[in-house]
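Encoded as structure tokens, the structure appears first; notes follow it.
In UniProt numbering, the protein residues as written are 1 to 382.
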């Protein structure tokens, strides 16, 4: 799906704008694709992760370069993250030339798309949406595969490549996320870039980045007429999500009980122990750390199936978002949640399928009940 954005408001001088945005530091990537038997690639610094659950990327590409049209036609692209020593690669793919891949070692990903062998990370994406704004197209991509190796990233600042630590946008996103979860904004409320920038005591670039990430998290949605809107959360959303997770886990139990991979069981045990460190005396010491461990625990359970489609289905449920807007609304919790998850793991370790099913079902019912308790305090919706 392609959307067009037309700015009819008065605009800042182009040269001034170019000078000002040059103060933004960013990582350097080469975005590649392949269509009609030909490889395409270009250096891009306007690339970011959009969502962790489901995993998504955002790549902004100038419409005047052939790579933009090639991505639109192929429906796929790969983000190749460059390391500190790859300034030559960055320049090679940033300048017009007959064969940008000359002398460059490549590997092939899905659809034959070239992946730079020297990149410190490669992220393969399928285009889910294209938004056209001014001279550029923004390609939202669902991540289908990702690899990384050791190495510090190359960065771009004031027209040159170099080293730079940049955490400002991430801090803005985290603050905005906390505001949404703590109900600073009401469900259904329209929030503009300028309004969020004021709330964050930041600038429009930070606010736009935060809204983009929040959209990927499912905490806000993009309405074509109204703009960014705070997404409501209710009992039905919670029930559907927790029941979907249960259905996946019951299928895994039926398939692997009694023959589970010991390494994955050990991994699940590690994540359970981590959860125990952050839920003490019926109180979250660090909810976000607990949430990460909880997600990893259930992901390990699903991974016991060895089925990538089931793992992908689990990843599409936005479990973290649902739990953040239910369990995460208060620091109070219960050790009973740890106990029932321990029952699930111990049943899998002993090969007791019936006990594992009972524990999985009990945990689902407890999670749904907890959401109802939280929503009862907020009128049934947050």
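We put the beta carbon where it would ideally sit given N, CA and C, even for glycine. On a predicted model such as this, the values are computed, not experimentally measured, just so you know.
Outcome for residue i when other beta-carbon atoms lying within 10 angstroms are tallied against a minimum of 16
i	result
residue 81	buried
residue 316	exposed
residue 280	exposed
residue 263	exposed
residue 155	buried
residue 39	buried
residue 37	exposed
residue 302	buried
residue 304	buried
residue 345	buried
residue 306	exposed
residue 47	buried
residue 215	buried
residue 97	exposed
residue 363	buried
residue 308	exposed
residue 105	exposed
residue 278	buried
residue 322	buried
residue 31	buried
Coarse secondary structure for residue i, derived from DSSP in three states
i	result
residue 155	strand
residue 95	coil
residue 103	coil
residue 180	helix
residue 259	coil
residue 252	helix
residue 121	strand
residue 311	helix
residue 150	coil
residue 375	helix
residue 220	strand
residue 69	helix
residue 21	Confidence is the limiting factor: at residue 21 the pLDDT is only 45, short of 50, which leaves the residue's position unreliable, though a coordinate-based value still follows. Looking at residue 21 - three-state DSSP - the assignment turns out to be helix.
residue 230	strand
residue 341	helix
residue 189	coil
residue 46	coil
residue 351	coil
residue 116	strand
Spatial distance of residue i from residue j (CA atoms)
i	j	result
residue 383	residue 198	Any answer about residue 383 is impossible in this case: the structure gives the chain only from 1 up to 382.
residue 374	residue 284	15 Å
residue 123	residue 348	34 Å
residue 212	residue 259	42 Å
residue 72	residue 276	47 Å
residue 241	residue 235	10 Å
residue 340	residue 55	29 Å
residue 119	residue 111	19 Å
residue 145	residue 45	20 Å
residue 99	residue 223	41 Å
residue 75	residue 243	33 Å
residue 218	residue 86	35 Å
residue 298	residue 92	44 Å
residue 385	residue 121	The first residue shown for the chain is 1 and the last is 382, placing residue 385 beyond what the model contains.
residue 94	residue 182	43 Å
residue 220	residue 204	17 Å
Own chain partners of residue i with C-beta closer than 6 Å, once the 5 adjacent residues on each side are dropped
i	result
residue 376	none
residue 287	328
residue 397	The first residue shown for the chain is 1 and the last is 382, placing residue 397 beyond what the model contains.
residue 293	271, 274 and 275
residue 101	39
residue 355	347
residue 34	112 and 113
Which residues DSSP lists as bridging residue i, in chain order
i	result
residue 388	The structure shown does not extend to residue 388, since the chain is modelled only from 1 to 382, so the question has no answer here.
residue 282	Note: residue 282 sits in no beta bridge, so no partner.
residue 246	Residue 246 pairs with nothing; no bridge assigned.
residue 126	76 and 142
residue 326	Answer by DSSP bridge pairing: none, since residue 326 is not bridged.
residue 51	56
Sequence-distant residues of its chain with Cβ nearer than 8 Å to residue i (five each side left out)
i	result
residue 330	374
residue 353	253, 254, 257, 258 and 347
residue 210	169, 172, 173, 175, 176, 177, 196 and 200
residue 192	227 and 228
residue 455	Lying before the first or after the last residue shown, residue 455 is absent from the chain, which here runs from 1 to 382.
Own chain, CB closer than 7 Å to residue i, minus 5 neighbours either side, in chain order
i	result
residue 250	357 and 360
residue 326	238, 370, 371 and 374
residue 65	42
Any chain C beta carbon closer than 8 Å to residue i
i	result
residue 199	Here chain C cannot be found, since the structure has a single protein chain.
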